[in-house]
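Chemist: I'd like to ask you about the structure that follows.
The following block contains the structure:
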């Protein structure tokens, strides 16, 4: 067994399957945790360390496993942070602008994908929504008519993922909402 799988097995043993499911907003059924990720219902097999979906790339898989490791179970605060407000966010901001904010500003949001992410309309900008790319981790996407946009993270985000993971999640979410993936 690889060092990664050994570490994951140890984490699952000590953290407990039920606690992992509870903290992530997933549902435990036997050896599998079911949850919704970017509009897909997926599961992770806790004994085989495999995912149900072939559509997940390595970034998706890594992000979900890190979500399992770090999830606190805390409720959202409904206080929003920009990517620049996150620790080390300023170091990754320009790529985030290019990979997430620019496509969000330039492309239309797909209504069926907003629905899959349980979108709730917000009162920011010309068009804005609170969405859930992962069960307990809300983001806000905001568009203005002057070709500007913003992705905001609920203040609870750092108790679920690190800044580098939120970077990936923000980009993946925008790509999903605009038809990029």
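Numbering (the UniProt record's numbering), first residue to last: 1 to 181. Note that the Cβ used here is the ideal one computed from N, Cα and C, for glycine as well.
1) Select from 144, 166, 143 and 148 the residue whose C-alpha is nearest the C-alpha of residue 154.
2) Are the beta-carbon atoms of residue 80 and residue 15 separated by less than 7 Å?
3) Which ranges does the alpha helix (DSSP H) cover as unbroken runs of at least 4 residues, wholly within the UniProt domain "DUF3786" (19–174), from first to last along the chain?
4) Take every Cβ of the segment 86–97, pair it with every Cβ of the segment 64–75, and state whether three or more of those distances are shorter than 8 Å.
5) State buried or exposed for residue 63, treating a residue as buried only when at least 16 other CB atoms are found within 10 Å of its CB.
6) Just confirm the distance between the C-beta atoms of residue 168 and residue 59, as a whole number of angstroms; I'd bet it's less than 8 Å.
7) When burial is assigned at 16 or more other CB atoms within 10 Å of the CB, is residue 2 buried or exposed?
8) Are the CB atoms of residue 105 and residue 149 within a distance shorter than 7 Å?
9) Please determine, among 17, 31, 12 and 177, the residue with the shortest C-alpha to C-alpha distance to residue 100.
10) Whose C-alpha, out of 133, 48, 84 and 172, is nearest the C-alpha of residue 26?
Modeler: The structure says:
1) If you number the chain shown from 1, residue 154 lands on position 154. Selected option, being the one with the closest Cα: 166.
2) Here residue 80 refers to the residue found at position 80 when the chain shown is read from its first residue. Here residue 15 refers to the residue found at position 15 when the chain shown is read from its first residue. No, these two residues do not count as a Cβ contact at 7 Å.
3) 58–70, 89–96, 102–106 and 111–116
4) no
5) Counted from its first residue, the chain shown places residue 63 at position 63. Answer is buried; the Cβ neighbour count reaches 16.
6) If you number the chain shown from 1, residue 168 lands on position 168. If you number the chain shown from 1, residue 59 lands on position 59. About 6 Å separates the two Cβ atoms, so the contact holds.
7) For the purposes of this step, residue 2 is identified with residue 2 of the chain shown, where counting begins at 1. Label assigned to residue 2: exposed.
8) What you label residue 149 is simply residue 149 of the chain shown in a count that begins at 1. What you label residue 105 is simply residue 105 of the chain shown in a count that begins at 1. For residue 149 and residue 105, yes; Cβs fall inside 7 Å.
9) Residue mapping note: residue 100 aligns to position 100 of the chain shown, counting from 1. That would be 177, whose Cα lies nearest to the Cα of residue 100.
10) Residue numbering aside, residue 26 sits at position 26 when the chain shown is read from its first letter. Measuring from the Cα of residue 26, the nearest candidate turns out to be 133.
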